[in-house]
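Report on one structure; see the data block that follows.
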Amino acid sequence: MSQEFDLVVIGGGPGGYVAAIRAAQLGLKTACVEKWTNDKGAPVLGGTCLNVGCIPSKALLDSTHKFHDAKHEFESHGINTGEVSIDVAAMLARKNTIVDNLTMGVAGLFKANGVTLIHGTGQLQKDRGVKVTAANGSESHLKAGNVILAAGSVPVTIPSAPLIEDIIIDNVGALSIKQVPKRLGIIGAGVIGLEMGTIWQRLGSEVVVLEAMDNFLSTIDKDLSKEAAKCLKKQGMNIRLGALVTSTEVANNEVKVAVKKADGDSETLTFDKLIVAVGRKPYTEGLLSADSGVAVDGRGFVHVSTRCKTDAPGVYAIGDIVRGPMLAHKASEEGMMVADIIAGHKTLMNYDCIPWVIYTHPELAWVGKTEQELKAEGVAIKVGKFPFTASGRAMAANDTQGFVKLIADAETDRILGCHIIGGNASELIAQAVIAMEFGSSAEDLALTVFAHPSMGEAIHEAALAVDGHAIHMANRKKRK
Ligand code: FAD
Ligand code: AMP
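See below:
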């Protein structure tokens, strides 16, 4: 006899667990199948994000930022600390406690909302049947009115750098390095590579980032990528563009990395550890039976409509397993949207207003289109830029790197994009997201009162600068 549910969610990451909670709140009898297991054999919720992604990486970025400040910044505030040192084991233990608290918190939310957690590997079968295989191999069967596939993603591996325990590692290993490596190589100058490099460089590693492409952060606004490259270089991060890793060789606790350079020459670099951060791919292994009716595209993503419907009736897919940015908040929003749809509510998700963040220092955050994209589309635009060097709050905080760049439609003044590099950009970007979500014009932001002194005033000034009327910057135009 199979257990019956209104909704079965496969995967308990930020897409799946949020969908399950929302569905239960809306009165649906909901189960979530999750296979992640801790060292005691118990199920763990939260997926990549809580366990080996967003949260542990930000915990280490925060610890190392404080360490860096204590070592290099406190003195300018008149604070004398004496010798500052880092206890890596304590830093990792703090990170693990945060992860445990959050994942247990999600389990608590499941209980509170009446979501049934089923521990095992789920497979979608024909007509919304779900087969669950437990760790001991036993099988059970669920019957669902609707199914949400939320199986997430896994790191891409490359044949030139196969993982070797403790030496050639992915994001999981990089978040648990026990001793600061003297020489740290990173393959891939994407979000994950730069965040991992930042963590270990602050603790003293010599970091070399090897990036096959000639352009740094090629998809983001050029002003932002240029400023980020400048800031990271100043910090000592050695970012080598046009450097394709062709092979690796591990011997005597070190790794030799063969690199083919843009000019065709080759060289060999030696590291104590090598982090492979060359992207992530959707995870569908064993997820779909041959007759499930769900189609997967050529790149391995589950094929879905704008509202996350797959090709099988009553089956939806969300998060990293489908098209769109591989971001936790995108997965969660899709989860809520789909739960609402299943419960019969009218709902919509705005894919044009998803913020992105890179948590280096300064942070990079953006929403909407880049100047280059808009120009390529032939859209006439106005750009307002305001540097943090002119912000009183940034000066008070010794954090004056970067700027806010706001792009508006030249004709309608509607905000089309906001690109920030600076301290707390991850928080600041929400102001632009909200403005864009409400269809705000640059003038609307310019007429809004911002607290003084605050980093947010830079957004206000950038909005004023769209028409050349920033106050704390030399103006280009006379006010009419
Ligand atoms: P996942 O979080 O991958 O969860 C999928 C879950 O499904 C997993 O728990 C898995 O065990 C389970 N599962 C898979 N198959 C089955 C099956 N057949 N049966 C049962 N269970 C199954 N994003 C941000 O927005 N901000 C960040 O700062 C950020 N930092 C990151 C840092 C790192 C180092 C990494 C690796 C990623 C980061 N991300 C960040 C990306 C973010 O983690 C993902 O976008 C997000 O976790 C995707 O959520 P998801 O629910 O789709 O999938
Ligand atoms: P992201 O997908 O944003 O995490 O970025 C991953 C980066 O890794 C991309 O910019 C790729 O160009 C880069 N990359 C992939 N394979 C290699 C390789 N063999 N050598 C160097 N860089 C690589």
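Position one of the sequence shown corresponds to residue 48 (this note's numbering), numbered consecutively onward. In this text, a Cβ means the ideal position worked out from N, Cα and C, and glycines have one as well.
Kindly indicate the opening and closing residues of the alpha helix (DSSP H) around Q72. Mapped onto the sequence shown, residue 72 falls at position 25. G63 to Q72 is the span of the alpha helix (DSSP H), which, as asked, contains Q72.
Thinking just about the alpha-carbon of each residue, which of A198, M151 and G176 is nearest to the one in A359? Within the sequence shown, residue 359 is the residue found at index 312, counting from 1. A359 has its Cα closest to that of G176, out of A198, M151 and G176.
How would you call Y363, buried or exposed, if buried means at least 16 neighbouring beta carbons within 10 angstroms? Position 316 of the sequence shown holds residue 363. Y363 is buried by the Cβ-count criterion.
Does the beta-carbon distance from G415 to A324 come in below 8 Å? Along the sequence shown, one-based indexing puts residue 415 at 368. Along the sequence shown, one-based indexing puts residue 324 at 277. No. Outside cutoff.
Could you say which of L171, A477, G382 and N285 lies nearest to L231 if we only look at CA atoms? Within the sequence shown, the letter at position 184 stands for residue 231. Ranking the options by Cα distance to L231, first place goes to N285.
Starting from the C-beta of T459, find all residues in its chain whose C-beta is less than 8 Å away, skip the five residues before and the five after it, and write them out in chain order. Numbered from 1 along the sequence shown, position 412 holds the residue referred to as residue 459. For T459, where only same-chain residues beyond five positions count, the Cβ hits under 8 Å are S488.
On the DSSP letters alone, give me the boundaries of the alpha helix (DSSP H) that G192 sits inside. Here residue 192 refers to the residue found at position 145 when the sequence shown is read from its first residue. Where G192 is concerned, there is no enclosing alpha helix (DSSP H), although the beta strand (DSSP E) it sits in stretches over E186 to L196.
Between the C-alpha atoms of K307 and P206, what's the straight-line distance to the nearest angstrom? The residue you call residue 307 lines up with position 260 of the sequence shown. The residue you call residue 206 lines up with position 159 of the sequence shown. Their backbone Cα atoms lie some 15 Å apart in a straight line.
DSSP state of H392, grouped into three classes? Numbered from its first residue, the sequence shown carries residue 392 at position 345. Coil at H392, not helix or strand.
Taking W247 as part of the beta strand (DSSP E), name the residues at either end of that continuous run. Position 200 of the sequence shown, counting from 1, holds the residue named residue 247. Counting along the chain, W247 falls outside any beta strand (DSSP E), though it belongs to the alpha helix (DSSP H) covering V238 to R249.
Within its chain, find whatever has a CB closer than 6 Å to the CB of L395; leave out the 5 residues flanking it on each side and keep chain order. Along the sequence shown, one-based indexing puts residue 395 at 348. No residues qualify anywhere along the chain.
Could you give the first and the last residue of the continuous beta strand (DSSP E) run that contains N285? Position 238 of the sequence shown, counted from the first residue, corresponds to residue 285. Unbroken beta strand (DSSP E) run through N285: N285 to R287.
Under 7 Å from any heavy atom of the ligand FAD, does the C-beta of A106 make it? As a working mapping, residue 106 is identified with position 59 in the sequence shown. No, the ligand FAD has no heavy atom inside 7 Å of this Cβ.
Identified DSSP bridge partners for K320: Walking along the sequence shown from the start, residue 320 turns up at place 273. In the DSSP output, where bridge partners are listed per residue, K320 has L231.
Between the segment 141-150 and the segment 79-99, do at least 3 Cβ pairs fall closer than 8 Å? yes
Can you tell which of I462, I405 and R327 has its C-alpha closest to the C-alpha of I454? Position 407 of the sequence shown, counting from 1, holds the residue named residue 454. It is I462 whose Cα lies nearest to the Cα of I454.
Kindly list the residues whose CB is nearer than 7 Å to the CB of G503, restricted to its own chain and excluding five residues on each side of it in sequence; keep chain order. Within the sequence shown, residue 503 is the residue found at index 456, counting from 1. Here the set comprises L475, Q478 and F497.
Below 7 Å, is the gap between the Cβ of A324 and the nearest heavy atom of the ligand AMP? Counting from one through the sequence shown, the residue named residue 324 turns up at place 277. Yes.
In the DSSP assignment, find the beta strand (DSSP E) that holds C79 and state where it starts and stops. Here residue 79 corresponds to residue number 32 of the sequence shown, with the count starting at 1. First-last of the beta strand (DSSP E) with C79: T77 to E81.
Do G62 and I365 come within 8 Å of each other at the CB atom, strictly closer than that value? For the purposes of this step, residue 365 is identified with residue 318 of the sequence shown, where counting begins at 1. For the purposes of this step, residue 62 is identified with residue 15 of the sequence shown, where counting begins at 1. Yes.
How about I68 and L171: are their beta carbons less than 8 Å apart? Counting from one through the sequence shown, the residue named residue 68 turns up at place 21. Counting from one through the sequence shown, the residue named residue 171 turns up at place 124. Result no, Cβ atoms of I68 and L171 do not sit closer than 8 Å.
Beta-carbon contacts of G237 that lie in its chain and below 7 Å, excluding the five residues immediately before and after: Within the sequence shown, the letter at position 190 stands for residue 237. So the list reads A324 and G326, once near-sequence residues are dropped.
Rounded straight-line distance, which links the Cα of G289 to that of G311: Residue mapping note: residue 311 aligns to position 264 of the sequence shown, counting from 1. Residue mapping note: residue 289 aligns to position 242 of the sequence shown, counting from 1. Near 10 Å, if we compare the C-alpha coordinates of G289 and G311.
Please state whether DSSP places V430 in a helix, a strand or coil. Indexing the sequence shown from 1 puts residue 430 at position 383. Of the three classes helix, strand and coil, the one that applies to V430 here is strand, per DSSP.
Under the three-state reduction of DSSP, which class applies to L257: helix, strand or coil? Taking the first residue of the sequence shown as 1, we reach residue 257 at position 210. The answer is strand: DSSP assigns L257 an E or B state.
At what residues does the beta strand (DSSP E) containing F450 begin and finish? Indexing the sequence shown from 1 puts residue 450 at position 403. From DSSP, the beta strand (DSSP E) with F450 extends over F450 to D456.
Tell me whether Y363 sits in a helix, a strand or coil according to DSSP, three-state version. Walking along the sequence shown from the start, residue 363 turns up at place 316. Reduced to three states, the DSSP call for Y363 is strand.
Start and end residues, beta strand (DSSP E) containing V341: Numbered from its first residue, the sequence shown carries residue 341 at position 294. Note, V341: premise wrong, no beta strand (DSSP E); not H, not E.
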